[in-house]
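In my numbering, the protein residues as written are 112 to 329.
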């Protein structure tokens, strides 16, 4: 995909959704961090169902830590991998209190040192909470970047690095959300909805499903 096509791709995504954001529900940077930890191998819908009551009852690291493992599990036990996530969340809350005054650090290194936080989670927090132009490559972004030819790569890190070079600067901050939403609702894994896709004529995917014929960028 060349520079003109990339510009057109994001211009169309922006026109359809000028102010994209995460579908996770949160009221603070701390709550966003917890929600993203929980979202690994789980849907945003299932996470929101769990955190709605959790954040109402325990909105801070102090309050969650006070629940203990036995008190936290009932909020999370419908989420995949909840036992490991419970332990990581409690350890993260403890580390936030002991090392960061209860605040979420604005540093990739410090974020990735928190239990249950990897590069993808750190990127989401840096982008959504702190406004950094980062891209967290999840399964949706990985699929869209490779299918379309926007930023091919064999690993999430390779795709992330390609995207940071490929995405025009004016779109870079919101690109993370546009690509996730496009992959979640249009460029789906098993049956991409190419006929409803606003960027189908720009896409290099050879197995388009009933897409309109390709045409040059406007």
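Positions of the beta carbon are idealized from the N, C-alpha and C atoms, including for glycine.
DSSP state of residue i mapped onto helix, strand, coil
i           : result
residue 221 : helix
residue 302 : coil
residue 200 : helix
residue 189 : coil
residue 130 : coil
residue 169 : coil
residue 278 : coil
residue 137 : coil
residue 162 : helix
residue 209 : helix
residue 142 : helix
residue 153 : coil
residue 119 : helix
residue 309 : coil
residue 182 : helix
Whole-Å CB distance - residue i paired with residue j, under 8 Å assumed
i           : j           : result
residue 235 : residue 215 : Contact flag wrong, Cβ pair sits at about 12 Å.
residue 202 : residue 162 : With a Cβ gap of about 18 Å, residue 202 and residue 162 do not count as contacting.
residue 180 : residue 197 : 6 Å
Residue i CB to nearest heavy atom of the ligand FMN below 7 Å
i           : result
residue 137 : Looking for the ligand FMN in the displayed structure turns up nothing, as the structure carries no ligands at all.
Endpoints, alpha helix (DSSP H) assigned at residue i
i           : result
residue 295 : 283–296
Are there three or more Cβ pairs, one per stretch, closer than 8 Å when the region 117–128 is compared with the region 143–156? no
Please confirm if the region 187–196 is in contact with the region 204–217, defined as three or more CB-CB distances below 8 Å between the two stretches. no
Spell out a yes or no on whether the region 239–248 and the region 282–289 are touching, meaning 3 or more CB-CB pairs, one atom from each, closer than 8 Å. yes
contact_flag[the region 249–263, the region 286–304] where n(CB pairs < 8 Å) is 3 or more: yes
Jot down the residue ranges of each uninterrupted alpha helix (DSSP H) in the region 225–273, minimum 4 residues, whole runs only, in chain order. 230–239 and 250–259
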